[in-house]
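First comes the structure, then the notes that go with it.
Residue numbers (the working numbering): 1355 to 1566.
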């Protein structure tokens, strides 16, 4: 391991703690701000940064006339130093294994996001169809439903109670409205990604629960 001066050690230690605290991006405070944080003279920090840069332990970059800093240690050097600071980096699992586990987890999360985006897209289309059906149900449609419930009697329902007739007529009305205004046959899902019968069920689910 490369021998460092006290000031150089302080600088490296500062950036190691940034990494532990998930702040592994560029430090944009500049030399002056770093000197204040470490309680060192600005000139001493500037000289130590040049030394660490020559040892390829610190990378520098200028953004808006301010020197930005970041550790540029190899993985072996970085994690061996981190192990002295935090028990987290002393685990028996190798760094490579941890990296692979993290990459696999990221891939799994990406797949979950893709699935969610697909479901969200389908849900939006379902909502659009449901809203379209609801808006197009006319007063005439409602009057026809009321007429069938109150006035019309058939051989099939003559002995049924009013509650039974209402439930049956509502079911027929729902199917009719959805077929009429939603362009979906509730008994035969269309050849799309959307399941017509499922949209229909979602549309009337709460109302069906209230009636039954």
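Quick reminder that beta carbons are idealized off the backbone N, C-alpha and C, glycines included. Note that the structure is predicted; figures quoted are calculated from it, not measured.
Among the options, the one whose alpha carbon lies nearest that of residue i
| i | options | result |
| --- | --- | --- |
| residue 1379 | 1461, 1370, 1386 | 1370 |
| residue 1420 | 1494, 1386, 1489, 1430 | 1386 |
| residue 1408 | 1362, 1492, 1475, 1382 | 1362 |
| residue 1527 | 1400, 1497, 1514, 1515 | 1497 |
| residue 1530 | 1504, 1505, 1517, 1488 | 1488 |
| residue 1377 | 1402, 1472, 1424 | 1424 |
| residue 1400 | 1374, 1453, 1365, 1432 | 1365 |
| residue 1405 | 1428, 1429, 1357, 1394 | 1357 |
| residue 1402 | 1465, 1427, 1459, 1359 | 1359 |
| residue 1524 | 1512, 1500, 1513 | 1500 |
Cut-off 8 angstroms between Cβ atoms - residues of its own chain near residue i, not counting five sequence neighbours on either side
| i | result |
| --- | --- |
| residue 1486 | 1535, 1536 |
| residue 1491 | 1531, 1535 |
| residue 1368 | 1388, 1391, 1392 |
| residue 1545 | In this predicted model, residue 1545 has a pLDDT of only 45, less than 50, meaning its place in the structure is not dependable enough to derive any value. |
| residue 1462 | none |
Beta-carbon proximity list for residue i, same chain, < 6 angstroms, skipping 5 on both sides
| i | result |
| --- | --- |
| residue 1372 | none |
| residue 1415 | 1422 |
For residue i, the three-state DSSP class (helix, strand or coil)
| i | result |
| --- | --- |
| residue 1412 | strand |
| residue 1373 | helix |
| residue 1399 | helix |
| residue 1417 | strand |
| residue 1560 | Unreliable placement is indicated for residue 1560, whose pLDDT of 46 sits below 50; the coordinate value is still reported in the next sentence. Three-state DSSP puts residue 1560 in a helix. |
Close-in-space but distant-in-sequence residues of the same chain around residue i (CB under 7 angstroms, 5 per side omitted)
| i | result |
| --- | --- |
| residue 1495 | 1531 |
| residue 1567 | What the structure shows of the chain is the stretch from 1355 to 1566, and residue 1567 is not part of that stretch, so it cannot be assessed. |
| residue 1417 | 1382 |
Touching by the beta-carbon criterion (3+ pairs, under 8 angstroms), the segment 1387-1396 and the segment 1431-1439
no
Ignoring anything shorter than 4 residues or poking outside the segment 1420-1504, list the alpha helix (DSSP H) runs there in chain order.
1429-1439, 1449-1490, 1493-1504
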